[in-house]
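Every letter in the sequence shown is one number past the one before it in the numbering used here, and letter 111, counting from 1, is 111.
Where is the CB? At the ideal position from N, CA and C, for every residue including glycine.
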Amino acid sequence: MKEITITTRLTVFDNIDELPQDVKDLMHLAVEIRKKAYAPYSHFRVGAALLLDNGQIVCGSNQENAAFPSGLCAERVAIFQAGAIHPEAKIVKMAISAASDVNETSAPIPPCGACRQAIAEYEFRQDSPIEIYFSGATGPVYKSDSLKDLLPVSFDKKFL
Ligand code: THU
């Protein structure tokens with residue numbers, strides 16, 4: 001028997017203004033699309049903006065449903081849209097902004113497990129890392145250089 005230790009690494013920006021200009025612009029788009037979320041049940045709005053290697057930007061917000069599990073997170077709305085419209089393009093950067101209509105969200109809000117698995121599929125498929133930046137309504141922004149830093153020991157097609 002032996003143990004293995006897996007380390008992960010995140011970069012912390014104190015606020016949106018500390019981000020490089022291109023990421024700041026992407027995060028502002030995530031904030032704008034977040035405001036258009038359809039979240040009448042949770043009152044929790046999430047926006048995601050993707051920069052593709054062809055220069056295109058694709059955005060998504062969470063879309064809820066009265067049959068709760070039928071809704072979809074912002075991150076998956078965005079990446080599935082990118083996959084559908086720009087199947088040949090690589091996703092280079094992803095900015096995520098989350099905010100509650102009823103509570104303060106000053107902590108960075110990370111993508112949920114299901115979204116991490118979905119993002120992993122795209123990262124494996126394109127064989128290049130996706131930078132992921134995530135934030136709350138205010139406060140710091142966390143960055144992972146790759147989805148692998150958010151989902152170490154992930155399941156992928158090589159196991160099939
Ligand atoms: N949500 C996202 O859009 N992304 C996540 O990574 C976590 C959760 C949405 C789903 C649901 O509409 C609301 O936030 C509350 O869970």
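Bounds of the beta strand (DSSP E) holding Val-46 are 44-52. Assignment of beta-bridge partners to Gln-63 by DSSP yields Tyr-38, Leu-72. Remark: fewer than three beta-carbon pairs, one from each stretch, lie closer than 8 Å, so the stretch 1-8 and the stretch 26-42 are not flagged as touching. Closest by C-alpha distance to Cys-59, out of Leu-147, Tyr-41, His-86, Gly-139, is His-86. Near the ligand THU, residues with a Cβ at less than 6 Å from any of the ligand's heavy atoms are Ala-39, Ser-42, Phe-44, Val-46, Asn-62, Glu-64, Gly-71, Cys-73, Ala-74, Glu-75, Pro-111, Cys-112, Cys-115; the list follows chain order. Counting every other CB atom within 10 Å of its CB across the protein chains shown gives Val-102 a total below 16, marking it as exposed. Residue nearest to Met-94 within the set Asp-53, Ala-107, Ala-67, Ser-70 is Asp-53 (criterion: CA-CA distance). Cβ neighbours of Arg-45 within its own chain (closer than 6 Å, five residues either side excluded): Arg-34, Ala-37, Ala-39, Ala-99. Excluding its 5 nearest sequence neighbours in each direction, Gln-63 has C-beta neighbours in its own chain below 7 Å: Tyr-38, Gly-71, Leu-72, Val-77, listed in chain order. Spanning the alpha carbons of Ile-57 and Ala-48 requires a straight line of approximately 10 Å. The shortest C-alpha to C-alpha distance from Val-12 to any of Cys-112, Asp-149, Leu-160, Ser-144 is the one to Ser-144. By the neighbour-count criterion, in which 16 or more other beta carbons inside 10 Å mark a residue as buried, Val-153 falls on the exposed side. For Ala-99, the enclosing beta strand (DSSP E) covers residues 91-100. The beta carbons of Ser-61 and Ala-74 sit about 5 Å from each other, so the pair counts as a contact at 8 Å. A Cβ-Cβ separation of about 7 Å places Leu-50 in contact with Ile-79 under the 8 Å criterion. In this structure, Leu-150 is the residue among Leu-150, Gln-126, Ile-91 with its C-alpha nearest to the C-alpha of Ala-114.
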